[in-house]
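Visitor:
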Amino acid sequence: MNYERQKLTPIYTALSKYKEEPIVHFDVPGHKKNKNSFIAKALGADLVSLDANSTKELDMLSHPVGIIAEAEDLLAEAYDADDAFMLVNGSTSGVLAMILSACSPKDKIIIPRNVHKSVINAIILAGATPIFIQPEIDYDYGIANGIKVDAVKETIKAHPDAKALFVINPTYFGVASDLRKIIKICHRHNIAVLVDEAHGAHLPFHPNLPDCAMKLGADLSTASLHKTIGSLTQSSALFHNDNGFIDIDKVRMTINLMQTTSASYLLLSSMDLARSNIALKGKKIFTSLLKKCSEAKAKLSQLPGISVITEDYIDEADENGVYDFDETKFVVKVNELGLSGFQVYTIFKNEYNIQLELAESYVVLAVVGVGDTDESIDKLVDAFTDISKRFYGKQEPYVTHIADFFEKPKTIVLPRDAYFSPKHPVRIDDALGEICGESIMIYPPGIPLIIPGELITEKIIANYNYYLRQNCVFMNDDNETGIIQVLGESQ
Ligand SMILES: Cc1ncc(COP(=O)(O)O)c(C=O)c1O
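With the working numbering as the guide, the letters of the sequence shown map in order to residues 1375 to 1865.
1) What residue range does the beta strand (DSSP E) around phenylalanine 1613 cover?
2) DSSP on cysteine 1477, reduced to helix/strand/coil?
3) Looking at the structure shown, is lysine 1703 part of a helix, part of a strand, or coil, going by DSSP?
4) Look at isoleucine 1484 and isoleucine 1473 and say whether their C-beta atoms are less than 8 Å apart.
5) Leaving out five residues on either side along the sequence, give the residues of the same chain with a beta carbon under 7 Å from the beta carbon of phenylalanine 1780.
6) Grouping DSSP H, G and I as helix and E and B as strand, with all else coil, what is alanine 1740?
7) Please classify lysine 1491: is it buried, with 16 or more other beta-carbons within 10 angstroms of its beta-carbon, or exposed?
8) Here's a check: name, in chain order, each residue in its chain whose Cβ is nearer than 6 Å to the Cβ of isoleucine 1497, leaving out the five neighbours to either side.
9) Am I right that alanine 1792 and isoleucine 1858 are in contact with their C-beta atoms under 8 Å? What's the rounded C-beta distance?
10) Between which residues of its own chain and glutamate 1863 is the CB-CB distance below 6 Å, once the five residues before and five after are set aside?
11) Label isoleucine 1397 either buried or exposed according to how many other C-beta atoms from any shown protein chain fall within 10 Å of its C-beta, with 16 as the threshold for buried.
12) Looking at the structure shown, is valine 1682 part of a helix, part of a strand, or coil, going by DSSP?
13) Using DSSP bridges, identify the partner residues of isoleucine 1511.
14) Tell me the start and end of each unbroken beta strand (DSSP E) in the region 1410-1468 that is at least 3 residues and wholly inside, in chain order.
15) Could you give the distance in angstroms between the alpha-carbon of asparagine 1463 and the alpha-carbon of aspartate 1698?
16) Which runs of the alpha helix (DSSP H) at least 4 residues long sit entirely within the region 1560-1624? Give them in chain order.
17) So, under 8 Å CB-CB, glycine 1712 and proline 1771 are touching, yes? Tell me the CB distance rounded to an integer number of Å.
18) Under the criterion of a Cβ to heavy atom distance below 7 Å, does valine 1744 qualify as lining ligand 1?
19) What's the C-alpha gap between glycine 1516 and arginine 1487?
20) For histidine 1573, count neighbouring Cβ atoms within 10 angstroms of its own Cβ and tell me buried if that reaches 16, exposed if not.
21) Please confirm whether any heavy atom of ligand 1 lies closer than 7 Å to the CB of isoleucine 1620.
22) Sorted by chain position, which residues of the same chain lie with C-beta nearer than 6 Å to tyrosine 1453's C-beta, five sequence neighbours on each side aside?
23) Going by C-alpha to C-alpha distance, which of Met1434, Asp1803 and Asp1552 sits closest to glutamate 1693?
24) At a cut-off of 7 Å, is glycine 1520 close to ligand 1 when judged by its beta-carbon and the heavy atoms of the ligand?
25) Measure from the alpha carbon of tyrosine 1766 to the alpha carbon of each residue in Ser1681, Lys1753, Ala1536 and Asp1803, then state which is nearest.
26) Would you identify the three-state DSSP class for aspartate 1698, choosing helix, strand or coil?
27) Ligand 1 heavy atoms versus the CB of valine 1469: any closer than 7 Å?
28) Give the single residue among Asp1778, Ser1643 and Asp1689 whose Cα lies nearest to the Cα of methionine 1435.
29) Is DSSP giving glutamate 1828 helix, strand or coil here?
30) To test your reading of the DSSP string, which unbroken alpha helix (DSSP H) runs of 4 or more residues are found completely within the region 1758-1830?
31) Does the Cβ of proline 1822 lie closer than 7 Å to at least one heavy atom of ligand 1?
32) Given a threshold of 16 other Cβ atoms within 10 Å of its Cβ, counted over all protein chains shown, does proline 1826 qualify as buried or as exposed?
33) Residue range of the beta strand (DSSP E) that alanine 1538 falls in?
34) Mark lysine 1784 as exposed unless 16 or more other C-beta atoms lie within 10 angstroms of its C-beta, in which case mark it buried.
35) Does any heavy atom of ligand 1 sit closer than 7 Å to the C-beta of proline 1819?
36) Should glycine 1464 be counted as a contact of ligand 1 given a C-beta to heavy atom distance under 7 Å?
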């Protein structure tokens, strides 16, 4: 990497200059950078003055030839990729673009079942055929991990005509599969590798973090720069390696099919700044954060009723789908305190003023990013220390039907066909044996409980009711909780 070049922030620099120019705006946006406008008064005149429209000097995201093209080159260099595309609709749009670039209608794509909802949306849009590969499950923590190389081999053997394989690197819980081997095997079988690095934008910048997809030779990857490296929410990137599997022009065309023609310069310039910062200072920042995370986890491991995933969890022999682990993720098991992860999540917010990333039945997840400090991590440890003191030994461990959450649902109809079929709403308790017409997920993490075209079984109904009782946030098409769209005309 050329560190001198990485100091450049072409979008931010041009925008700062543009902001000072005495231009009278008869273009959009409609606030016209008016310092007295309601929006400037509420959000700050500085912020509004950076909110610009595409012009010749500021370039255009859908057809970059100037500063945006330059910023994308710098981004590609920082991530070891041949090409980079800035995105203003999160990795959600990166996932859509990756799958639509790789798959035509009916093409097979191998995906783990613990994917984000955007993957299912992409499969619906592309009309692709999902071939589900089971991730490894840790029943003790109640989480899904990575995919094993053997599982990839078996799936490819059964579906040698697959067009692409989709991998999460790392999972929400920080677990990485043996991506290097997976890429090698897939490429040997002419299968493109698409990687969801929504939670891994920081990976390339420290040797003790799992390897990033582009460095390992994946064909496409998408990373949420906003999640870990400090750019503004919604700013993400799509990366491409020219391995002969995915055509770069198709990628640009696909992004433009979905992306706005009025990209936010606040988002674009924030990516420019975040990329320069992480490229120049990432190693130092993460050396210090990783040290602090490891010290914090050593303390958490000593607390009665609390366990935490550390690098000891890694098993390079690939027995459990944990080839590598991102130490910036705090996966903390709390059910021995007699509380569910959901309860601890709420207690942390209400009683300790700590917003955790997510909860599952037995665990809560805290994520560390560039903005964290020793003090913020100390507060996390203090809260766990206190909660352990308050609850340990007072009640029986919290136990639930973990295995049922990870049973692979049965696909009856392709997701796209189900999406376009007539549907009607039924009460979840009356839906046994019906075919689901919508995606239902609990957010976060946004992993679907069931997707269009899958069979509704007793276990799905029990899982749905369980999450309802836990007061989880449901994301589904029908706003009414307890109601599910199923296929067929209503009688
Ligand atoms: C695994 C995974 N992939 C993709 C996404 C989508 O990312 P974004 O929020 O940047 O659209 C998320 C969001 O949480 C995610 O968890």
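Virtual Cβ for every residue (Gly too), placed ideally from N, Cα, C.
Guide: For this structure:
1) Position 239 of the sequence shown, counted from the first residue, corresponds to residue 1613. Looking at the DSSP string, the run of the beta strand (DSSP E) that includes phenylalanine 1613 is 1610-1614.
2) Reading the sequence shown from its first residue, position 103 is the one you call residue 1477. The DSSP-derived three-state label of cysteine 1477 is coil.
3) If you number the sequence shown from 1, residue 1703 lands on position 329. Residue state, collapsed to three classes: strand.
4) Taking the sequence shown and counting its residues from 1, the one referred to as residue 1484 is at position 110. Taking the sequence shown and counting its residues from 1, the one referred to as residue 1473 is at position 99. In this structure, the beta-carbon distance from isoleucine 1484 to isoleucine 1473 does not fall below 8 Å.
5) Indexing the sequence shown from 1 puts residue 1780 at position 406. Excluding sequence neighbours, phenylalanine 1780 sits near Ile1511 and Ala1518.
6) To locate residue 1740, count along the sequence shown from 1; it is residue 366. Here alanine 1740 sits in strand by DSSP.
7) Locating residue 1491 in the sequence shown gives position 117, where the first residue counts as 1. Classification of lysine 1491: buried, given that the 10 Å Cβ count is 16 or more.
8) Taking the first residue of the sequence shown as position 1, residue 1497 is located at position 123. The residues are Pro1504 and Pro1789.
9) Position 418 of the sequence shown, counting from 1, holds the residue named residue 1792. Position 484 of the sequence shown, counting from 1, holds the residue named residue 1858. Incorrect: roughly 13 Å between the Cβ atoms, too far for contact.
10) By 1-based counting over the sequence shown, the position of residue 1863 is 489. Close CB contacts of glutamate 1863 within its chain, under the 6 Å cut and outside five residues either way in sequence, are with Pro1796 (chain order).
11) As a working mapping, residue 1397 is identified with position 23 in the sequence shown. Exposed is the call here.
12) Taking the first residue of the sequence shown as 1, we reach residue 1682 at position 308. Collapsing the DSSP output to three states places valine 1682 in a strand.
13) By one-based count along the sequence shown, residue 1511 stands at place 137. Answer is Ala1518.
14) The beta strand (DSSP E) runs of length 3 or more contained entirely in the region 1410-1468 are, from start to end of the chain, 1457-1461.
15) On the sequence shown, position 89 is the one that residue 1463 refers to. On the sequence shown, position 324 is the one that residue 1698 refers to. Their Cα atoms are separated by approximately 29 Å.
16) Restricted to the region 1560-1624, the alpha helix (DSSP H) segments that are unbroken, complete and at least 4 residues in length are 1587-1590 and 1599-1602, listed in chain order.
17) On the sequence shown, position 338 is the one that residue 1712 refers to. On the sequence shown, position 397 is the one that residue 1771 refers to. Distance from glycine 1712 to proline 1771 at the Cβ level is roughly 6 Å; contact confirmed, criterion being Cβ atoms closer than 8 Å.
18) The residue you call residue 1744 lines up with position 370 of the sequence shown. With a threshold of 7 Å, the Cβ atom of valine 1744 does not count as near ligand 1, since no heavy atom of the ligand is closer than that.
19) Translated into positions along the sequence shown, residue 1516 becomes position 142. Translated into positions along the sequence shown, residue 1487 becomes position 113. Distance between the alpha carbons of glycine 1516 and arginine 1487 is about 15 Å.
20) Here the question's residue 1573 lines up with position 199 in the sequence shown. Buried is the call here.
21) To locate residue 1620, count along the sequence shown from 1; it is residue 246. No.
22) The count along the sequence shown starts at 1 and reaches residue 1453 at position 79. Answer for tyrosine 1453: Pro1578, Met1588 and Phe1613, listed in chain order.
23) Here residue 1693 corresponds to residue number 319 of the sequence shown, with the count starting at 1. The option with the nearest alpha carbon to glutamate 1693 is Asp1552.
24) As a first step, residue 1520 must be located in the sequence shown, where it is residue number 146. No.
25) Here the question's residue 1766 lines up with position 392 in the sequence shown. Checking every option, the nearest Cα to that of tyrosine 1766 belongs to Ser1681.
26) On the sequence shown, residue 1698 is found 324 positions in, with the first residue counted as 1. Residue state, collapsed to three classes: strand.
27) Residue 1469 sits at position 95 when you count from the first residue of the sequence shown. Yes.
28) Translated into positions along the sequence shown, residue 1435 becomes position 61. Note that residue 1435 is leucine in the sequence shown here, rather than methionine. The shortest C-alpha separation from leucine 1435 is found at Ser1643.
29) Counting from one through the sequence shown, the residue named residue 1828 turns up at place 454. In this structure, glutamate 1828 counts as strand in the three-state DSSP scheme.
30) 1776-1779 and 1789-1794, all fully within the region 1758-1830.
31) On the sequence shown, residue 1822 is found 448 positions in, with the first residue counted as 1. False, no ligand heavy atom lies under 7 Å from that Cβ.
32) As a working mapping, residue 1826 is identified with position 452 in the sequence shown. Buried, since its Cβ has 16 or more Cβ neighbours within 10 Å.
33) Translated into positions along the sequence shown, residue 1538 becomes position 164. 1538-1542 is the span of the beta strand (DSSP E), which, as asked, contains alanine 1538.
34) The residue labelled residue 1784 in the question sits at position 410 within the sequence shown. In this structure lysine 1784 is exposed. Its beta-carbon is surrounded by fewer than 16 other beta-carbon atoms within 10 angstroms.
35) Locating residue 1819 in the sequence shown gives position 445, where the first residue counts as 1. The closest heavy atom of ligand 1 lies less than 7 Å from the beta carbon of proline 1819.
36) Counting from one through the sequence shown, the residue named residue 1464 turns up at place 90. Yes - ligand 1 has a heavy atom lying nearer than 7 Å to the Cβ of glycine 1464.
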